[in-house]
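The structure appears right after this line, and notes come after that.
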Amino acid sequence: MPKPARYADVSRWLQSSHRAAAVAAAVATAPGAWAATPLAVTQTAAGVYVHIGEVEDWAPAWRGDVANLGFVVGSRCVAVIDTGGTPAVGQALRAAIERATPLPVCYVINTHAHPDHMLGNEAFATPGAAAPTFVASARLPGTLAARAPYYLNALRRDFGLQTSAATIVYPTLKVESTAELDLGDRVLHLRAWPTAHTDNDLTVLDLRTRTLFTADLLFVQHLPVLDGSLRGWMSAMAELRRLDVATVVPGHGAVGTDWTAMMSAQADYLGALLSDTRRAIRQGWTIQQAIDRIAAPAAPGWRLTERFHRRNVTAAYAELEWEDDAAGSPTTPGASSAASGQRPVN
Ligand SMILES: [Zn+2]
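Residue numbers (this note's numbering): 18 to 363.
Quick look at the structure:
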């Protein structure tokens with residue numbers, strides 16, 4: 018899909034007087050001390066705040082504000098869960114936090130290395146003793162290092178932003194399997210998953226309210242995007258289903274409480290992608306034939322199907338092509354895609 022016409026999009030955006038005022042405020046103050054307009058957040062449970070990003074692609078038309086973000090407030094400090102798709106989105110999230118609580122941010126958690134979830138990190142990377150701890154899967158740094166040049170180039174070329182090496186902020190606390198973060202009278206349980214949506218997915222569960230931030234292991238409304246392992250993702254979903262949670266914050270789309278129902282559309286889509294791609298391989302179709310012939314989901318309601326379905330077929334085919342080799346032992350999940358770092362990812 019062609020990139021949006023960035024100048025036209027930015028121009029349309031600036032026509033909104035509200036947004037123009039926000040830009041003027043940002044430009045009038047020095048970087049690092051922007052008077053950013055706070056992001057809109059909703060308190061979904063006591064001390065749990067969520068910002069719902071646009072269900073759109075990571076593009077200038079949406080200012081990179083296309084992922085769900087959140088923060089959880091303890092008695093001592095605040096944990097941020099994802100920071101948005103540009104440093105400006107991170108500034109606006111920080112402004113929303115400062116409006117909600119005087120407590121400092123002690124942890125900035127990245128659920129995975131996709132740009133729409135983590136390029137706001139720079140806004141929280143204050144120097145000195147006040148610096149928060151950046152937290153992510155132990156597998157995030159390798160994937161991020163491979164993709165950082167692409168991300169920085171996209172910010173400059175498509176968003177017209179100045180960037181530096183400081184725009185990419187790596188975790189200082191790396192989660193191998195699970196971790197607990199104490200915010201003061203409140204504990205977050207973190208879990209790093211085997212390769213699924215990506216090779217570095219990390220979920221966050223607030224134990225007090227049983228609010229689960231799913232990372233992009235769950236897409237709602239936004240067509241699921243495969244950048245790791247289809248079989249790994251389906252295994253992760255089977256485990257996720259068993260969790261006792263009260264409120265679910267997906268990586269994209271609306272917050273909900275009916276965990277099973279929220280999962281069902283994604284399960285149907287990924288299940289069909291698996292069976293259709295396996296059938297294509299059995300029938301000897303080339304990857305191009307599979308891309309051309311495997312139908313997009315019939316179920317209504319998915320957005321961005323045009324943008325991502327063919328890409329998903331490509332990734333699924335690459336993963337499943339050799340799964341029956343070596344006397345039926347499957348290939349390593351994720352070996353085909355996430356590790357390369359070469360494909361543009363949104
Ligand atoms: Zn993602």
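Note that beta-carbon positions come from the ideal geometry of N, C-alpha and C, so glycine has one too.
All of these numbers come straight from a predicted model, not from anything done at the bench.
Determine whether the beta carbon atoms of residue i and residue j lie at a separation below 8 Å.
i, j, result
"E336", "L200", "no"
"T180", "L169", "yes"
"P4", "M251", "In the structure displayed, the chain extends from 18 to 363; residue 4 sits before or after that span and is not available."
"N85", "A153", "no"
"T228", "A62", "yes"
"V83", "G102", "yes"
"Y124", "L56", "no"
"V65", "G91", "no"
"E139", "P104", "yes"
"L157", "A130", "yes"
"V58", "V67", "yes"
"L207", "T195", "yes"
"A155", "A209", "yes"
"A263", "T274", "yes"
"T54", "A112", "yes"
"L172", "L136", "yes"
"F230", "T303", "no"
Measure the C-alpha to C-alpha separation of residue i and residue j and round it to an integer number of angstroms.
i, j, result
"D26", "P77", "Residue placement at D26 is poorly supported in this model, since its pLDDT is 35, which falls under 50; the coordinates are not used for a value here."
"D99", "H134", "5 Å"
"A96", "Q60", "14 Å"
"P149", "A332", "36 Å"
"Y187", "V122", "17 Å"
"W79", "R327", "23 Å"
"L243", "D285", "14 Å"
"T322", "Q238", "10 Å"
"V204", "P317", "39 Å"
"L260", "A271", "19 Å"
"A289", "R324", "18 Å"
"G245", "P144", "34 Å"
"A42", "L222", "Note that A42 has pLDDT 38, beneath the 50 cutoff, so the model's placement of it is unreliable and the number below is only indicative. Cα to Cα, the separation comes out at about 35 Å."
"A12", "I185", "Nothing in the structure corresponds to residue 12, since the chain is present only between 18 and 363."
"P347", "E338", "Confidence in P347 is poor, its pLDDT being 43 and thus under 50, which makes the residue's placement too unreliable to answer from."
"E256", "T212", "13 Å"
"A142", "H269", "25 Å"
"M254", "P241", "13 Å"
"T46", "L291", "Bear in mind that the predicted position of T46 carries a pLDDT of just 38, short of 50, making it too unreliable to give a figure here."
"W319", "G70", "16 Å"
"E115", "L219", "25 Å"
"V330", "V192", "30 Å"
"R258", "I298", "29 Å"
Under DSSP, the beta strand (DSSP E) around residue i begins and ends at which residues?
i, result
"V122", "V122 to I126"
"T264", "T264 to V266"
"T59", "T59 to A62"
Where does the unbroken alpha helix (DSSP H) through residue i begin, and where does it stop?
i, result
"V95", "Note, V95: premise wrong, no alpha helix (DSSP H); beta strand (DSSP E) at V95 to I98."
"R296", "W276 to R299"
"Q108", "P104 to A117"
"D199", "Here D199 belongs to no alpha helix (DSSP H); instead the beta strand (DSSP E) covers T195 to D199."
"G249", "L247 to R258"
Please report the Cβ distance between residue i and residue j, rounded to the nearest whole angstrom; I am assuming they are in contact, meaning their Cβ atoms lie under 8 Å.
i, j, result
"L235", "Q283", "6 Å"
"I311", "T294", "7 Å"
"G249", "F176", "Not really, about 32 Å apart at Cβ, beyond 8 Å."
"L120", "R93", "7 Å"
Return no unless some Cβ of chain D is closer than 8 Å to the Cβ of residue i.
i, result
"A112", "Included in the structure is just one protein chain, with no chain D present."
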